[in-house]
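Below: one structure, written as structure tokens.
Here's what the structure looks like:
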């Protein structure tokens, strides 16, 4: 392998799914200012809107997650066309 092309800050990071509060650990170089304690150890925290535990493709459930208000914005925008 070539030397000097791999990141130096490769470490364990906690990823938290904000829709169902699931937390999982994996190695990452993601920058973050927040931390979380998992099993008595503190890890950098990256917050996710959706992950494998809440995505309909992986869960087999049809669940609507609208954290940005896109559906309400769409409905209000096109309400004037409603008959």
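Numbering (the numbering used here), first residue to last: 7 to 89. Ideal placement from N, C-alpha and C gives every residue a C-beta, glycine not left out. In this text the structure is predicted, and so the values were computed from the model without any measurement.
Could you give the first and the last residue of the continuous alpha helix (DSSP H) run that contains residue i?
{"i": "residue 45", "result": "Premise fails: residue 45 is in no alpha helix (DSSP H) and is neither H nor E."}
Need the endpoints of the beta strand (DSSP E) that residue i sits in, please.
{"i": "residue 76", "result": "From DSSP, residue 76 is part of no beta strand (DSSP E) but of the alpha helix (DSSP H) over 76–83."}
Classify residue i: buried if its beta carbon has 16 or more other beta carbons within 10 angstroms, exposed otherwise.
{"i": "residue 49", "result": "buried"}
Looking only at DSSP bridge pairs, what is residue i linked to?
{"i": "residue 32", "result": "19"}
{"i": "residue 53", "result": "22"}
{"i": "residue 41", "result": "50"}
Would a check of beta-carbon distances place residue i closer than 8 Å to chain D?
{"i": "residue 10", "result": "As a matter of chain content, chain D is missing from the structure shown, which is built from one protein chain."}
Once the 5 residues before and after residue i are set aside, which same chain residues still bring their CB inside 6 Å of it?
{"i": "residue 34", "result": "19"}
Exercise. Should the stretch 47–60 be called in touch with the stretch 15–33, which here means at least 3 C-beta pairs below 8 Å?
Worked result: Counting Cβ pairs under 8 Å, three or more are found: they touch.
Exercise. Does the stretch 8–22 touch the stretch 32–50, meaning 3 or more C-beta pairs lie closer than 8 Å?
Worked result: The stretch 32–50 makes contact with the stretch 8–22: 3 or more CB pairs, one atom from each, lie closer than 8 Å.
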